[in-house]
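In the order they appear, the protein sequences are chains C and D.
Going by numbering that gives the first Met the number 0, the first sequence opens with residue 0, and the numbers climb by one from there.
Going by numbering that gives the first Met the number 0, the second sequence opens with residue 0, and the numbers climb by one from there.
Just so it is clear, CB atoms sit at the ideal spot from N, CA and C, and this is done for glycine as well.
Notes follow the structure.
2 protein chains.
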Amino acid sequence: MSNLKQILESNKNYTDDFGEKANLPMPPGRKVSVLTCMDARLDPAKFMGLDEGDAHVIRNAGGRASEDAIRSLVISYKLLGTNEFYVIHHSDCGMESFTDKDMKEKFEGIENNSHIENIDWLTINNQQESVKSDVDKIKNHPLIPKDIPVHGFIFDVKTGKLNEVRT
Amino acid sequence: MSNLKQILESNKNYTDDFGEKANLPMPPGRKVSVLTCMDARLDPAKFMGLDEGDAHVIRNAGGRASEDAIRSLVISYKLLGTNEFYVIHHSDCGMESFTDKDMKEKFEGIENNSHIENIDWLTINNQQESVKSDVDKIKNHPLIPKDIPVHGFIFDVKTGKLNEVRT
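Shown next as structure tokens:
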């Protein structure tokens, strides 16, 4: 069965049991916003115990505090009332396995490859450092209030455990 | 109980039953990459039937094809072998409820508010149009191969249903 067909079948089952979820309000009930990696092994709802309606979840390659992640966090607290942020990177992350130079080489010879000259791929050298740096970046951003706690964690893909990073 | 304590307790339960997930490889098993909104009511793993290990999940305010989302999609297919993308916006999205001008006004008077002058908040006027425009942006991006299918959907928060957007 194609992915598309399988996804639509799974979605049909989901709607059959939708129930009370139809009445959830837009603002996150637990006032939490999570920034984590797109990695397929991570399901933040499951590993943090979040139900539909509980929290904003922002994900990108690496779980990095990119300008776009900051845009989302600002909308999250300013318009939808979240007051606690979680930054979660993880062990065995793909972002540790290459450099900007590698990416440039991979695209050598393609048309318009000038597009990649200026891309910061936000690769990671060390997870402890990347979490600290992203937590700091969020805490010190001029549009983020100083009284929002920003917790840093590394998710261990071998055990499922969230290990706190002291920042 | 604080959110932090509750999240760590839920995480403890998750690790207790981690089992086979410890052996999942990094590349997504179903070769799928999903771009959707951070909205708290959306749990793409649940509404698409995705297990840990199946798919990359990229999320931001609106589920928009921002430069950062494109960065993530390029890493997803180029380094980790995905070959099918899903762009999923949703009904009753917060991104329909304000404009860039509103945001500027909300931050009037704060220090360093020059920071917000140049932010495109990627607000949405019409979900059909935003899905079409983001699917087109991805399909036509010079770093995205033309043979990757990009499916567009709107998730209905009142029913849980994925409604396809013909692009």
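Residue i: contacting residues in chain C (beta-carbon distance under 7 Å)
i              : result
D135 (chain D) : Correct list: empty, because the minimum Cβ distance to chain C is about 17 Å.
A54 (chain D)  : A39
Integer Cβ distance of residue i from residue j, believed to fall under 8 Å
i              : j              : result
E51 (chain C)  : R40 (chain D)  : 5 Å
P43 (chain D)  : I109 (chain D) : Not quite, the Cβ-Cβ distance comes to about 34 Å (not below 8 Å), so this is no contact.
T158 (chain C) : A21 (chain D)  : 7 Å
K160 (chain D) : N139 (chain C) : About 42 Å separates the two Cβ atoms, so there is no contact after all.
R63 (chain C)  : L7 (chain C)   : Actually they do not touch by this definition, with Cβ atoms about 32 Å apart.
I137 (chain C) : L72 (chain C)  : 7 Å
Environment of residue i [buried if 16+ CB atoms lie within 10 Å]
i              : result
T98 (chain D)  : exposed
P144 (chain D) : exposed
S65 (chain D)  : buried
I74 (chain C)  : buried
P27 (chain D)  : buried
D168 (chain C) : Any answer about residue 168 (chain C) is impossible in this case: the structure gives chain C only from 0 up to 166.
R165 (chain D) : exposed
N59 (chain D)  : buried
M0 (chain C)   : exposed
N117 (chain D) : exposed
Chain D residues whose Cβ lies nearer than 7 Å to that of residue i
i              : result
V86 (chain C)  : What V86 (chain C) touches in chain D: nothing, since even the nearest Cβ is about 13 Å away.
V31 (chain C)  : N2
I115 (chain C) : L142
Close beta carbons around residue i, own chain, < 8 Å, minus the five adjacent residues each side
i              : result
E163 (chain D) : H150, G151 and F152
R70 (chain D)  : none
D38 (chain D)  : H89, C92, G93 and V156
Q5 (chain C)   : none
Q127 (chain D) : I153 and V164
Per-residue contacts from residue i into chain D (C-beta, under 8 Å)
i             : result
S75 (chain C) : M37 and A60
G93 (chain C) : M25, I74, L78 and L79
N10 (chain C) : F46, M47, G48, G159, K160 and L161
Proximal chain C residues relative to residue i, where beta-carbon distance stays under 8 Å
i             : result
A44 (chain D) : D42, A44 and K45
H89 (chain D) : None at all; the shortest Cβ gap to chain C is about 10 Å.
E51 (chain D) : A39, R40, L41, D42 and K45
Other residues of its chain near residue i: CB distance less than 7 Å, five sequence neighbours each side excluded
i              : result
R29 (chain C)  : D53 and A54
G210 (chain D) : Nothing about residue 210 (chain D) can be reported from this structure: the residues present for chain D run from 0 to 166 only.
Rounded C-alpha distance that separates residue i from residue j
i              : j              : result
N125 (chain C) : E95 (chain C)  : 8 Å
Y13 (chain C)  : E107 (chain D) : 43 Å
S132 (chain D) : G61 (chain D)  : 13 Å
Y76 (chain C)  : N82 (chain C)  : 6 Å
L78 (chain C)  : K100 (chain D) : 14 Å
L23 (chain C)  : I147 (chain C) : 24 Å
N47 (chain C)  : L3 (chain D)   : At residue 47 (chain C) the sequence reads Met, which differs from the Asn that was named. Their Cα atoms are separated by approximately 9 Å.
L49 (chain D)  : E19 (chain D)  : 16 Å
Proximal residues to residue i (C-beta, below 6 Å), its chain only, five neighbours per side dropped
i              : result
Y85 (chain D)  : V33 and H150
S129 (chain D) : H88 and I123
V56 (chain C)  : V33 and P43
D119 (chain D) : none
D16 (chain C)  : none
Neighbouring residues, chain C, relative to residue i (Cβ below 9 Å)
i             : result
A21 (chain D) : V156, K157, T158 and G159
Contact set between residue i and chain D, taken where Cβ atoms lie within less than 9 Å
i             : result
T14 (chain C) : F46, D155, T158, G159, K160 and L161
A68 (chain C) : N59 and D67
Neighbour flag for residue i against chain B, beta carbons, 8 Å
i              : result
I123 (chain C) : Note that chain B does not occur in the displayed structure, where the protein chains are C and D.
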